[in-house]
Amino acid sequence: MVNQAAERIVNAKLMEMSQVKRLPEQPLDYTYTGDYEVVFFHKTLLELELNGYNYPFGAAHGMPSRMYAIINLSNGHMYSLQELFKPGSRYLEELSRLVGQQIKNDPQYAYVFPGSYTGIKADQLFYVTNEALHLVFAPYDIGPYAVGFPEFTIPFDDIMNIVNTEGEFWQSFH
Numbered sequence: 000m001v002n003q004a005a006e007r008i009v010n011a012k013l014m015e016m017s018q019v020k021r022l023p024e025q026p027l028d029y030t031y032t033g034d035y036e037v038v039f040f041h042k043t044l045l046e047l048e049l050n051g052y053n054y055p056f057g058a059a060h061g062m063p064s065r066m067y068a069i070i071n072l073s074n075g076h077m078y079s080l081q082e083l084f085k086p087g088s089r090y091l092e093e094l095s096r097l098v099g100q101q102i103k104n105d106p107q108y109a110y111v112f113p114g115s116y117t118g119i120k121a122d123q124l125f126y127v128t129n130e131a132l133h134l135v136f137a138p139y140d141i142g143p144y145a146v147g148f149p150e151f152t153i154p155f156d157d158i159m160n161i162v163n164t165e166g167e168f169w170q171s172f173h
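Counting in numbering that gives the first Met the number 0, the sequence shown runs from 0 upward without gaps.
1) Looking only at its own chain, which residues have a Cβ that is under 8 angstroms from the Cβ of aspartate 157, when we skip the five neighbours before and after it?
2) With DSSP collapsed to three states, give me the class of arginine 89.
3) Measure the C-alpha to C-alpha separation of tyrosine 108 and isoleucine 102 and round it to an integer number of angstroms.
4) In three-state terms, what does DSSP make of glycine 99?
5) Following the continuous beta strand (DSSP E) through proline 65, name the residue where it begins and the one where it ends.
6) With DSSP as the reference, identify every bridge partner of aspartate 34, one or two as the case may be.
7) Applying the 10 Å Cβ sphere with the 16-neighbour rule, what's the burial state of glycine 118?
8) If alanine 137 and threonine 152 are in contact, beta carbons under 8 angstroms, what's the gap, nearest whole angstrom?
9) Using the C-alpha atoms, what's the distance from glutamine 100 back to serine 17?
10) Per DSSP, what kind of secondary structure is tyrosine 183 in: helix, strand or coil?
11) Where does the unbroken beta strand (DSSP E) through leucine 135 begin, and where does it stop?
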């Protein structure tokens, strides 16, 4: 990044999100592996998917984790879901409604535990692409471990009335 102070801050945050730790002198009672993938890069917006797997010794299986770092490369700002939408918009209610419709009407989501979906949260896992917002749930949140990370795609065409097209987040990739 051109702004070296912002780069140091971003790198420190990425280390924290990736669960990078100094190893203690005594052995750990778990193993942890992690990796990342670039899921989207356009203009000044870089999105990283940070994947981890924590396996406690003796457990039947480990627990995967996933986070998204959505970074403006010009200033180092990491965006939240709220920043994509117009101030005062009822974006959580609208996204919740749209995902609820997909669960109800699309047979690919038949695995969703009855009554487990209660809506989108302000800190919902997400990432964007040029055409859509992608909302992601962790294993066990709304479905069995075996389905992994359930994902719902909301085309921007369906929510343009609440997207802040003048905001920094939107402008970073348009």
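For glycine and all other residues, C-beta sits at the position ideal for the given N, C-alpha and C.
Remember, it's a predicted structure, so these values are computed and weren't measured experimentally.
From the atom records:
1) For this step, residue 157 is matched to residue 158 along the sequence shown. Contacts found: Leu97.
2) Translated into positions along the sequence shown, residue 89 becomes position 90. Coil.
3) As a position in the sequence shown, residue 108 is number 109, starting the count at 1. As a position in the sequence shown, residue 102 is number 103, starting the count at 1. Using only the alpha carbons, I get a separation of about 5 angstroms.
4) Here the question's residue 99 lines up with position 100 in the sequence shown. In the structure shown, glycine 99 sits in a helix (DSSP, three-state: H, G or I).
5) What you label residue 65 is simply residue 66 of the sequence shown in a count that begins at 1. Note on residue identity: the sequence assigns arginine, not proline, to residue 65. First-last of the beta strand (DSSP E) with arginine 65: 62 to 71.
6) Locating residue 34 in the sequence shown gives position 35, where the first residue counts as 1. DSSP output for aspartate 34 lists Asn50 as bridge partner(s).
7) The residue given as residue 118 occupies position 119 in the sequence shown. Exposed.
8) Taking the first residue of the sequence shown as position 1, residue 137 is located at position 138. Taking the first residue of the sequence shown as position 1, residue 152 is located at position 153. Wrong, their Cβ atoms sit about 17 angstroms apart, outside the cutoff.
9) For the purposes of this step, residue 17 is taken as residue 18 along the sequence shown, with counting starting at 1. For the purposes of this step, residue 100 is taken as residue 101 along the sequence shown, with counting starting at 1. Looking at the two C-alpha atoms, the distance is approximately 33 angstroms.
10) For residue 183 there is no data in the structure shown, the boundaries of the chain being 0 and 173.
11) Taking the sequence shown and counting its residues from 1, the one referred to as residue 135 is at position 136. At residue 135 the sequence reads valine, which differs from the leucine that was named. Residues 131 to 135.
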